[in-house]
Structure formats: structure tokens, C-alpha cells
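**Student:** Dropping the structure in here first, questions after.
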Amino acid sequence: MAFTHPLYLWGLVALAIPIIIHLFNFKRFKKVYFTNVRLIRQLSEETRRQSKVRHLIILLMRMLAITALVLVFAGPYIPTEMSDNSGGKRKLVSVYVDNSFSMEMRDADNILLESAKSMIPEIAESYTGEDVFRLLTNDLKAEHSHLMSASALSQYANAIELSPATLPLSALTDRFREIPEEAKDFAQDIYILSDLQRSTTDFQNLTIDSLSNVRIIILESENHDNIYPDSCWFESPVHIEGSTLSLKVRITNTSDKAIEKLPIRLFIDDQQEALTTISLPADGTSTADFSFVANNAGINNASIRIKDFPVTYDDSYYFTFEVFNKIDILVINKEKENPYLNALFGTDTTFNLLNVSEGQISPDLLARNDFIILNGVTNPGTGLAAEIRKQCESGKGVMMIPSDKPRQDCVLCKAFDISESTIKDTSKVRVSKILTQSPFFDQVFDISKLKGNTLPENTDMPVVRQHFRGNYNMDTNEEVLMELANGTPFLIRKNMGGGWLYRFNSNLNEESGIFVTHALFVPVMYRMALLSKPVQHHNINIGNQKEIAFQTGTRDFEGAFIRNTKNDYRFIPGIEQRNGYTHFLFYDNIEEAGFYSVYQVDESASPKPEFVFAANYNRKESDLTTYNAEEAEENFKLHSIENVHILNAPPGKLQTALETLNHGRQLWHYFVYLCLLFLLAEVVLLRIWK
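Residue numbers (this note's numbering): 1326 to 2015.
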């Protein structure tokens, strides 16, 4: 047993008062003389013995009553493991209310968020007027971060609404470790009101301050079932107008029941483009396939839609994709044009081929094309070499064909930080290896005919009659796509960040080999061209991403604004320009899923937006599986996390549970009853025992 106010125990000194009264009997007796006192003496001795016992019992009752009364004021209690250990310090009470979309689920009486909000006044009332409070939600609103009173806490809590933002458990505990300067000397109690979603509860990353007490109130919903489109992707990264596109859509089922023939719809620009059905295993995922023709060049706004009740906020998945009319190819020739490149790209309407000489190169010309082929050009000048690298880093493709007479001082080799190939080898050698597992060769080879990742031994490979050798110090971002039998790379690909650099070690003509007439020539060159179109995926996750970047060069977007395409909601973003990209900073201004357009000026003057991007709710909120109290306790023990207590009190009984938790089991009211009992016993003894 411990005491809230131990100094009151000095009141036990008052026990001396009834003892003194008992020892000093202040009653004065009058003498009466009798001739025979034998009978009187016998009666007096018997009465004295009875009176002494009576006085001792009354003295005991008085002492017990005083003791009980003193203990009442001392505040006796039986401490618990989480009892107040602040040493009388003022309290900083930090309260986190999970307002993510998963808190829209219902318990037996209400939605989880409303149940959480109803507990805030009970938490506030369990503290004194000297204690201060602060509030945290997934939005991380600045208005909640300051210290506030109990009444202000309740007012702010009542205004909390559901938010698309998500916050891992470790992030909020890290925020609570940041103590305001005016509360540095306060003891901290942390309250976490959440459903403890598995997707955001990262026990392994938790760091709890040893001086803080953490109380977790788990709000459990009656239903965790949900079906939602998780993600989508195209089989081909580049989409050409008129081509057939193959789209993959992953659907997730978090319920314990299998789903048969769930309808899935594909909408493009608000028009239904395709419909399919899918069967889902219990607590699993499946992939749906869509095929459709890319009819509209430019940015297309698309969405995947399902119907799933009662969780509907994630029934749609929004995305954008760009359809290109043509791919612009620029061939820069050292001497004469390459007839094989002209025959391949010049007759295909998918490509727009332009041949220029080395002296006609300009930065503007490089910027207007998607695929840059350097036919024998190795020394265009340091300035143009740097510009070619810049274009490659921005997402475009660059292909280098060696010169018949390579020089030792290759400017392009230095610009791209690659080794030089200057030794001419005229021995006849065959291509022996192809890196079939590289994404570059996707859809080039029939996977069913591959043995592991290698082609069959009888595969017809191109023969090279002359090539160039050098000291190849392969970088980690380089890969040999095709290799000769003597170990010399034939085709190398290097990742330049945004785009790819392709380098042949042999000329593309029949004198150098039969590659230009081989069956591999067409698919290899097509893959280079298709992968050279800068593809920007303009999609964001609401709450996780605070900005989006578009490749804009040096264009100025000051005064630009962003508008929701479905309604008239608009805002002015922050703008930063870095490395040819304009970053639009939208902070917390985007809260609704859908499509957003970027306008440089008022749309009445220029109705066509500069850019369009899609915004989706974070799919972490779609996985509604949670930890219960027992599982949470096990994880806290597993990761050696202390000072954490899980409260199971329902709304309306939380304050009583907190009183016990903060101050232990209070005993003062029992001593009030004992004090009254002892006083009653004294009165009874005085009246009955004469």
C-alpha cells in the first residue's frame, strides 16, 4: 500500500489525545463515611474492573477512528505496474486519434472514429487542471500540435474527420518524442486510439521513451472483409496509336471467403472500354487481363472499377497513360546514311525518321527527338556530347555505332563514362550469348522454348566478320545484351538514370557481319526505339506523396494551378525547378481520389491542361486486418517494448479504468466507512454499557 499524500500521516500524532484523556481521569470524587464498608468495597472493586475494560475498548475505538480518518486524508492506494511514477510532476498528455479510412468501419454501436472521439473527454477528465494536452491525427495538422487545455482537446477532437492520410505507428511515437520546450520538465502519458491495422502497425520500428507511459485503446470492428483493385500495369511500356494494349489488373480479397465471377470494368475518359470477370481465392489476389485498342493519342484518363459493399472508398483505381502518335528518330551520320536503318524505320508509320550530318547537330534538334542514333560519330564536341548525355538522362535512348576508324580520344566515351574500343579485330566470330532474362528482351523470345534463361543450342546466331575490342570495365549499371564467342561484348546497354545508352562494337553493315540481315535485327532495333520514348507515370498516392514532377525543360510555370477534373476544386501549388523537371508541391491540398489537371493560365484562356495526373487512396488502408489485444501484447513482448498498457475499457467506463491505471486501486473510501464504524461502536458502548 502507498499514499498519495504521505505527509498527512503526521496526523497520527493525534492518537496521543485519547490516551492522555484515559491516563488522567479529571473527575473529582466526594468522600462519604460509612460504619461498615465490606459490601461497598466488594461492589466497588467489581465495578472498577468492568469500568477499566469499558474504558480500554472505548479508547481503542477512538484511536482506530482517528487512524482511519488520518489515512483517508493521506490517500491510500494499492499501486499497479503502470501507476503514476511522475513524482508529482505536471503531465503532458499526448493523444493520437487514428482517422484513416479504416476507422470508417463499425463496432457494435458506432463507426470506430466516433467511438474514439467519445473517449477523449473521459481521458481529459482523468487529469487535473494543471496538466496540458496535445493532439495528433494522420493529417499532422499544425493546429493540433500546440499545447492545449482539456476543454480545447475535446473541441478539437469533435472536429476530427476521416482522412486519406496514413501514418505508421513508429512515425507517431517518434513525433511524441518531440517535447515542446514549455513542457520539457513534464511527465508524459501517451494515448493511442486506433484499430491497429497490420499494414501500418510496425512493432519492429517502435522506439518508446522509457519516461513515457503509453496506453493503447484498440477499437475493433465487426467486419474486416474487403475487395479492392490493388494496382495495374501494361505489358508494353510504350503505347502507339492504333496498337492493341494489354493491361494487367491485380485484385485483392482480404475476406476468408472465395469470390466467384466478380465484375471488373475498365473506363477510359469516363467511357466503359472493357468488362471482364475474375474469381478470387479467400485472403488472396488474382490478376485480370484487359485488351483494347489505343485510339486516342495523348494522355488518357483511365480507371478500374468494382462494386464492394460496405467498403467503397477503394472500389476505383485511377491511372493515366500516354498514347504516342509517332516515335521521332534522329540519325546523326559521320559520313553516309545507313541503308538498313532507313529501310527499317523509314517505311514504318510508327516512326518519324530524320537523317542529318554531324555538322547539323543542335541542342534544339536533339530535344525534339526520342531516339538518337550516332552513326560513326564519336567526337561531336564536348558541348554537344554533354547535351546528348543530358537528353539520355531525361529518358531518351541513345545508340552508338562505332566509326570505321576509331580515335583514342573519344569525346562521347568520356561524356558517357564508358571504355573505348579501338582495336579492330577481323576474325570471324559468332554471337554466342544473349541475355534473355533482361527486360530488354521481353516479348522477343518464346519463353516456352528457352532452357532456363538460355536459348537452345541449335539456335541460329548472327556471325560478325569484324568488331572492335578494348578494356571493358563493366559498371554496375551496365549489362552485356549480346556477347561474342571470344568473350567480347557485341551489344552493351547502360542505364543513364532516365534513359538508356546502347553501344555496338561492330558496324551495322554487311561487311562487318550478317546481323543487319539476321532475324534478330528487327526486334532488337524496335525494342531500342520503343524503350526510347520517355514514359512518365503520372500517378500519386494521397497522403504519402506531397509533390509530382513533370519534364518541362526551362519553361516557367509561375502562377500555375491544379484543378480536380470532376469538380471546380483548385489550388495553387508550390513550384520548384530541378534538372529540367518542374516539381509541383501540393502538400495536403489533395484529399480526394481522381484526376487532377495542371494549368499554366486560366482555363478559359487555355482550356487544354498542361499535364494530367491520377491520385489514389493509399492501398494500405484497404487491408482491414488488424491486431487484437492478445496479438499486440505478444508483439510488444517479442520486441522488448516496455511502458505499454492495452486498455479494454468500453466508452463510458474508460475514466474509471484510467483512475485505477494512473493512481492504483484507491482505498480511501474504505477507511471512511471504517472511521464511521468505529465512531458508531464508541457511541453504542457509551449508551448501552453503563
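The C-beta atom is built at its ideal place from N, Cα and C for all residues, glycine as well.
Is it buried or exposed for M1799, if we count other Cβ within 10 angstroms and need 16 for buried?
**Tutor:** So M1799 ends up on the exposed side.
**Student:** Exposed or buried, which one is Y1827 when buried takes at least 16 other CB atoms within 10 Å?
**Tutor:** Classification for Y1827: buried.
**Student:** Hey, is the stretch 1851 to 1860 in contact with the stretch 1891 to 1901, meaning 3+ C-beta pairs nearer than 8 Å?
**Tutor:** No, the stretch 1851 to 1860 is not in contact with the stretch 1891 to 1901.
**Student:** At what residues does the beta strand (DSSP E) containing N1626 begin and finish?
**Tutor:** Its beta strand (DSSP E) spans residues G1623 to R1630.
**Student:** Which residues mark the beginning and the end of the beta strand (DSSP E) in which N1960 is found?
**Tutor:** No beta strand (DSSP E) contains N1960, which is instead part of the alpha helix (DSSP H) from A1954 to L1963.
**Student:** Closest to H2070 by CA distance: which of H1970, L2005, F1909 and F1398 is it?
**Tutor:** Not covered by the structure: residue 2070. The range shown for the chain is 1326 to 2015.
**Student:** Indicate whether Q1513 and L1384 have their beta-carbon atoms separated by less than 7 Å.
**Tutor:** No.
**Student:** Just reading off the alpha helix (DSSP H) that N1667 is part of, what are its end residues?
**Tutor:** That run of the alpha helix (DSSP H) goes P1664 to F1670.
**Student:** List the whole-angstrom C-beta distance separating P1705 from I1726, where the pair is believed to meet the contact cut-off of C-beta under 8 Å.
**Tutor:** At roughly 14 Å, the Cβ-Cβ gap does not stay under 8 Å, so P1705 and I1726 are not in contact.
**Student:** What is the residue span of the alpha helix (DSSP H) that Y1516 lies within?
**Tutor:** It is not in any alpha helix (DSSP H) - Y1516 instead sits in the beta strand (DSSP E) that spans A1512 to S1519.
**Student:** Are the CB atoms of E1585 and S1611 within a distance shorter than 7 Å?
**Tutor:** Contact: no.
**Student:** Going by C-alpha to C-alpha distance, which of D1608, D1640 and P1343 sits closest to P1588?
**Tutor:** That would be D1640, whose Cα lies nearest to the Cα of P1588.
**Student:** Looking at L1438 and F1458, is the spacing between their C-beta atoms short of 7 Å?
**Tutor:** No, the Cβ-Cβ distance between F1458 and L1438 is not below 7 Å.
**Student:** Could you name the residues that DSSP lists as bridge partners for I1873?
**Tutor:** Answer is F1909.
**Student:** Quick one: grab the DSSP three-state call for P1635.
**Tutor:** Coil.
**Student:** When we look at the beta-carbon of I1485 and count the other beta-carbons within 10 Å, is it buried (16 or more) or exposed?
**Tutor:** The residue is buried, with at least 16 neighbouring Cβ atoms inside 10 Å.
**Student:** Going along the chain, which unbroken runs of the beta strand (DSSP E) with 3 or more residues stay wholly within the stretch 1471 to 1538?
**Tutor:** Runs found: 1512 to 1519.
**Student:** Got a sec, what are the start and stop residues for the alpha helix (DSSP H) K1749 sits in?
**Tutor:** No alpha helix (DSSP H) contains K1749, which is instead part of the beta strand (DSSP E) from S1746 to D1750.
**Student:** At which residues does the alpha helix (DSSP H) containing E2007 begin and terminate?
**Tutor:** Start and end: W1993 to I2013.
**Student:** Out of K1730, D1729 and L1737, point me to the one whose CA is closest to V1723's CA.
**Tutor:** Cα-wise, what sits closest to V1723 is L1737.
**Student:** Since I believe Y1516 is in contact with Y1421 (beta carbons under 8 Å), could you give me their beta-carbon distance rounded to a whole number of angstroms?
**Tutor:** The Cβ separation is near 7 Å, so the contact holds.
**Student:** Would T1877 and T1907 be called neighbours here (beta carbons separated by less than 7 Å)?
**Tutor:** Yes, they are a contact pair.
**Student:** Could you give the first and the last residue of the continuous beta strand (DSSP E) run that contains P1814?
**Tutor:** P1814 -> beta strand (DSSP E) spans P1814 to N1820.
**Student:** When the distance is taken between beta carbons, is P1848 closer than 7 Å to V1769?
**Tutor:** Yes, the Cβ-Cβ distance between V1769 and P1848 is below 7 Å.
**Student:** How about A1668 and V1754: are their beta carbons less than 7 Å apart?
**Tutor:** No, Cβ-Cβ distance for A1668 and V1754 is not below 7 Å.
**Student:** My understanding is that F1815 touches E1808, with C-beta atoms under 8 Å, so please give their C-beta distance in whole angstroms.
**Tutor:** Contact flag correct, Cβ pair sits at about 6 Å.
**Student:** So, does the CB of T1674 fall closer than 7 Å to a CB anywhere in chain C?
**Tutor:** No chain C appears in this structure, which consists of one protein chain only.
**Student:** For E1901, does the three-state DSSP call read helix, strand or coil?
**Tutor:** DSSP places E1901 in strand when its eight states are reduced to three.
**Student:** Would the stretch 1641 to 1653 count as touching the stretch 1938 to 1950 if we require 3 or more Cβ pairs under 8 Å?
**Tutor:** The answer is yes - the stretch 1938 to 1950 touches the stretch 1641 to 1653, with three or more Cβ pairs under 8 Å.
**Student:** Looking only at its chain, what residues have a beta carbon closer than 8 Å to the beta carbon of G1567, apart from the 5 residues adjacent to it on each side?
**Tutor:** Excluding positions up to five away in sequence, the list reads V1618, A1619 and N1620.
**Student:** Taking a contact to mean a Cβ-Cβ separation below 7 Å, would you say S1746 touches G1795 in this structure?
**Tutor:** The answer is yes: Cβ separation under 7 Å.
**Student:** What does the alpha-carbon distance come out to for the pair G1623 and F1961?
**Tutor:** G1623 and F1961: Cα-Cα distance of roughly 52 Å.
**Student:** Using the Cα positions of D1595 and R1630, report the straight-line distance between them to the nearest angstrom.
**Tutor:** Approximately 11 Å between the Cα atoms of the pair.
**Student:** Relative to the C-alpha of L1696, which residue among G1708, G1720 and C2000 is closest?
**Tutor:** A small fix is needed here, since residue 1696 is Phe in this sequence, not Leu. Per the Cα distances, G1720.
**Student:** Secondary structure at I1345, three-state DSSP: helix, strand or coil?
**Tutor:** It is helical.
**Student:** With 16 other CB atoms within 10 Å as the buried threshold, where does L1536 fall?
**Tutor:** That one is exposed.
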